[in-house]
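Colleague:
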Amino acid sequence: MILIVGGAGYIGSHTNKLLRERGYRTAVFDNLVHGHREFVKGGGFIQGDLSDREQVRLCFAGNPIEAVMHFGAFAYVGESVADPAKYYRNNVANTLTLLETMQEFGVKHLVFSSSCAVYGHAEAIPLTEEHPLRPLSPYGRSKLMIEEILADYDRAYGMKSMSLRYFNAAGADAGGEIGERHLPETHLIPLAIQAALDRRRSLVIHGTDYPTPDGTCIRDYIHVTDLAEAHCKALEYLKRTGQSGFCNLGTGKGASVKEIATLVREISGKDFPSAEAEPRPGDPPVLVADYRKAQELLGWRPERDMGEIILTAWAWHSKERDREENI
Ligand code: UFG
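Using the working numbering, the letters of the sequence shown map in sequence onto residues 827 to 1153.
Shown next, in the form of structure tokens:
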């Protein structure tokens, strides 16, 4: 059985669904602070919090867990700057409880949700894994700290892990069952789609004077189902090789904020106004992944393009709007 910590969240729930389709037995452990019970499509569900060691131990004692996937973290970059204590407690200290419990129960394989936020400002594009690690926020530092802890756990205790450095997760399940539901929503694609769904809203473009062709930030948007695929492959890699590692997950292609807005207008067929605003503090101008290491290690490559990201996200958020109107 695979234990999916944070499996009721955005990326965790897509991974749980894919693992089930591939025939894995799974159990989701989630505190439902940001996760949603109805996003858990099959497998066991345990409502619990990593801050409660006894609850975590009971989960391991009661289930035949062979490997863990750890998605459970707070992920609002701005909030992490305002309240770092919350991020170091939840993302770092609580992960230690998980690792200690894995060790106690002899569970040796972990797939960890890391982030491109470990790099900071890109000195060269595309970003390879050799790029210096200079995170700009407590969120990024919390992810880097865990990567370093995992390297020590491997050296000392032989725990094998794969840290997956996601670029910008986007899109939704092709079946329309699950998608992105963040409260509050801060991510570009959902906000652009919400502007398209509701003409009263405009999209706020943060920063139009960046050193990029159209002056807006460039990001590498990667479909959430491609991320889920990479988790399955990372699990197989750990079993096959017994080696730890880390790698980027992105598409190698960047899109600017203005390009995303245009694509959302095209795909939705709806126009919406956009307003220019100050840059968000700490936003790097360009982040694009070199994913060759993931290709070499895991045999993974992104299969879904920007069009599919926006189409699946549009379908999901349209359904979400109907759901909200019926509440
Ligand atoms: N943006 C806008 N308007 C908005 C929202 C976002 O212009 O209303 C811009 C941002 O300034 C940024 C781009 O759109 O340039 C993408 O922003 P997102 O908030 O969608 O994503 P981020 O790149 O800020 O964040 C993502 C992940 C984080 C991770 C970070 C690493 O969500 O978890 O990348 O840089 F830490």
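Note that beta-carbon positions come from the ideal geometry of N, C-alpha and C, so glycine has one too. Because the structure is a prediction, the values reported are computed rather than measured.
Apart from the five residues just before and just after Leu976, which ones in its own chain have a Cβ nearer than 6 Å to its Cβ?
Modeller: Along the sequence shown, one-based indexing puts residue 976 at 150. Around Leu976: Ser987.
Colleague: Can you list, in chain order, the residues of its chain whose CB lies under 8 Å from that of Ala950, leaving out five sequence neighbours each side?
Modeller: Start at 1 with the first residue of the sequence shown, and residue 950 comes out as number 124. Within the same chain, Ala950 has close Cβ partners His957.
Colleague: Would you report the Cα separation of Lys1079 and Val1114, rounded to the nearest angstrom?
Modeller: Start at 1 with the first residue of the sequence shown, and residue 1079 comes out as number 253. Start at 1 with the first residue of the sequence shown, and residue 1114 comes out as number 288. The straight-line gap from Cα to Cα measures roughly 6 Å.
Colleague: Verify the contact flag: Ile837, CB atom, against every heavy atom of the ligand UFG, threshold strictly below 7 Å.
Modeller: Stepping through the sequence shown from its first residue, residue 837 is reached at position 11. No.
Colleague: What do you get for Lys1059, buried or exposed, if any count of 16 or more other CB atoms within 10 angstroms of its CB means buried?
Modeller: Position 233 of the sequence shown, counting from 1, holds the residue named residue 1059. By the neighbour-count rule (16 or more Cβ atoms within 10 Å), Lys1059 is buried.
Colleague: What are the uninterrupted segments assigned as beta strand (DSSP E) that are 3 or more residues long and contained completely in the region 1002 to 1039, given in chain order?
Modeller: Fully enclosed beta strand (DSSP E) runs of 3 or longer: 1029 to 1032.
Colleague: I need the DSSP call for Ala853, collapsed to helix, strand or coil.
Modeller: As a working note, residue 853 is residue 27 in the sequence shown. In the structure shown, Ala853 sits in a strand (DSSP, three-state: E or B).
Colleague: Nearest by alpha-carbon distance to Leu924: which of Leu876, Arg1118, Asn917, Leu953 is it?
Modeller: As a first step, residue 924 is located in the sequence shown; it is residue number 98 there, counting from the start. It is Leu876 whose Cα lies nearest to the Cα of Leu924.
Colleague: How would you label Lys1065, buried or exposed, when you count the other beta carbons within 10 angstroms and need 16 or more for buried?
Modeller: Position 239 of the sequence shown, counted from the first residue, corresponds to residue 1065. Under this definition Lys1065 is an exposed residue.
Colleague: Which same chain residues end up closer than 8 Å to Leu1053 when comparing Cβ atoms and leaving out the 5 residues on each side of it in sequence?
Modeller: Against the sequence shown, residue 1053 aligns to sequence position 227. The residues are Ile837, His840, Thr841, Leu990, Tyr992, Ala995, Leu1075.
Colleague: How long is the line joining the alpha carbons of Thr1067 and Phe1098, rounded to whole angstroms?
Modeller: Taking the sequence shown and counting its residues from 1, the one referred to as residue 1067 is at position 241. Taking the sequence shown and counting its residues from 1, the one referred to as residue 1098 is at position 272. Taking the straight line from one Cα to the other gives about 50 Å.
Colleague: Which residue marks the beginning of the beta strand (DSSP E) containing Lys1156, and which one marks its end?
Modeller: As shown, the chain starts at 827 and ends at 1153. That puts residue 1156 outside it, with no answer to give.
Colleague: Are there 16 or more other CB atoms within 10 angstroms of the CB of Pro1039, so buried, or fewer, so exposed?
Modeller: As a working note, residue 1039 is residue 213 in the sequence shown. Exposed.
Colleague: To the nearest whole angstrom, what separates the beta carbons of Gly997 and Arg1130, a pair I think is in contact under 8 Å?
Modeller: As a working note, residue 997 is residue 171 in the sequence shown. As a working note, residue 1130 is residue 304 in the sequence shown. Contact flag correct, Cβ pair sits at about 7 Å.
Colleague: Taking only heavy atoms of the ligand UFG into account, decide whether any of them is closer than 7 Å to the Cβ of Ile1031.
Modeller: Start at 1 with the first residue of the sequence shown, and residue 1031 comes out as number 205. Yes, the Cβ of Ile1031 comes within 7 Å of a heavy atom of the ligand UFG.
Colleague: Should Val1083 be listed as close to the ligand UFG, given that the test is whether its C-beta is under 7 Å from any heavy atom?
Modeller: For the purposes of this step, residue 1083 is identified with residue 257 of the sequence shown, where counting begins at 1. Yes, the ligand UFG has a heavy atom inside 7 Å of this Cβ.
Colleague: Measure how close the beta-carbons of Pro1111 and Ile1044 come, nearest whole angstrom, since I'm counting them as under 8 Å.
Modeller: Residue numbering aside, residue 1111 sits at position 285 when the sequence shown is read from its first letter. Residue numbering aside, residue 1044 sits at position 218 when the sequence shown is read from its first letter. 7 Å between Cβ atoms; contact.
Colleague: Compare the Cα-Cα distances from Gly946 to each of Met928, Tyr965, Glu1055, Phe1072 and report the closest residue.
Modeller: For the purposes of this step, residue 946 is identified with residue 120 of the sequence shown, where counting begins at 1. Per the Cα distances, Tyr965.
Colleague: In whole angstroms, what separates the C-alpha of Gly869 from that of Met928?
Modeller: Start at 1 with the first residue of the sequence shown, and residue 869 comes out as number 43. Start at 1 with the first residue of the sequence shown, and residue 928 comes out as number 102. Rounded to whole angstroms, Gly869 to Met928 spans 20 Å at the Cα level.
Colleague: Applying the 10 Å Cβ sphere with the 16-neighbour rule, what's the burial state of Thr1012?
Modeller: For the purposes of this step, residue 1012 is taken as residue 186 along the sequence shown, with counting starting at 1. Burial call: exposed.
Colleague: Please report the residue range of the beta strand (DSSP E) in which Leu829 lies.
Modeller: Translated into positions along the sequence shown, residue 829 becomes position 3. Note, Leu829: beta strand (DSSP E), 828 to 831.
Colleague: With a threshold of 7 Å (Cβ to nearest heavy atom), would Gly966 be considered close to the ligand UFG?
Modeller: For the purposes of this step, residue 966 is taken as the residue at position 140 of the sequence shown. For the ligand UFG, at least one heavy atom lies less than 7 Å from the Cβ of Gly966.
Colleague: Mind checking which residues open and close the alpha helix (DSSP H) that includes Lys904?
Modeller: The count along the sequence shown starts at 1 and reaches residue 904 at position 78. One detail in the question is off: residue 904 reads as Gly in this sequence, not Lys. Element bounds for Gly904: 903 to 908.
Colleague: Can you give me the C-alpha to C-alpha distance between Asp1116 and Pro1128, rounded to a whole angstrom?
Modeller: On the sequence shown, position 290 is the one that residue 1116 refers to. On the sequence shown, position 302 is the one that residue 1128 refers to. Roughly 12 Å separates the two Cα atoms.
Colleague: Let me know the secondary structure DSSP gives Gly835 once reduced to three states.
Modeller: Taking the sequence shown and counting its residues from 1, the one referred to as residue 835 is at position 9. Gly835: coil per DSSP, three-state reduction.
Colleague: Measuring only from the beta carbon, is Val903 closer than 7 Å to any heavy atom that is part of the ligand UFG?
Modeller: Taking the first residue of the sequence shown as 1, we reach residue 903 at position 77. It does: the Cβ of Val903 is within 7 Å (strictly closer) of some heavy atom of the ligand UFG.
Colleague: Check this for me: beta carbons of Ile972 and Phe938, under 8 Å apart or not?
Modeller: Residue 972 sits at position 146 when you count from the first residue of the sequence shown. Residue 938 sits at position 112 when you count from the first residue of the sequence shown. Contact: yes.
Colleague: Would you kindly work out how many angstroms separate the C-alpha atoms of Gly934 and Leu962, rounded to a whole number?
Modeller: Looking up residue 934 in the sequence shown gives position 108. Looking up residue 962 in the sequence shown gives position 136. Position check: residue 934 holds Lys in this sequence, whereas Gly was assumed. Approximately 31 Å, taken between the alpha carbons.
Colleague: Going by Cα to Cα distance, which pick from Ala834, Gly904, Lys1096 is closest to Arg1106?
Modeller: Position 280 of the sequence shown holds residue 1106. With distances taken between Cα atoms, Arg1106 lies closest to Gly904.
Colleague: What is the DSSP secondary structure of Val944, reduced to helix, strand or coil?
Modeller: Here residue 944 refers to the residue found at position 118 when the sequence shown is read from its first residue. In this structure, Val944 counts as helix in the three-state DSSP scheme.
Colleague: With the cut-off set at 8 Å, would you say Glu1102 and Ile1031 are in Cβ contact?
Modeller: Here residue 1102 corresponds to residue number 276 of the sequence shown, with the count starting at 1. Here residue 1031 corresponds to residue number 205 of the sequence shown, with the count starting at 1. Yes, Cβ-Cβ distance for Glu1102 and Ile1031 is below 8 Å.
Colleague: Report yes if the C-beta distance between Val779 and Leu936 is below 8 Å; otherwise report no.
Modeller: The requested residue 779 is not part of the displayed model; the chain covers only 827 to 1153.
Colleague: According to DSSP, is Gly869 helix, strand or coil?
Modeller: Stepping through the sequence shown from its first residue, residue 869 is reached at position 43. Here Gly869 sits in coil by DSSP.
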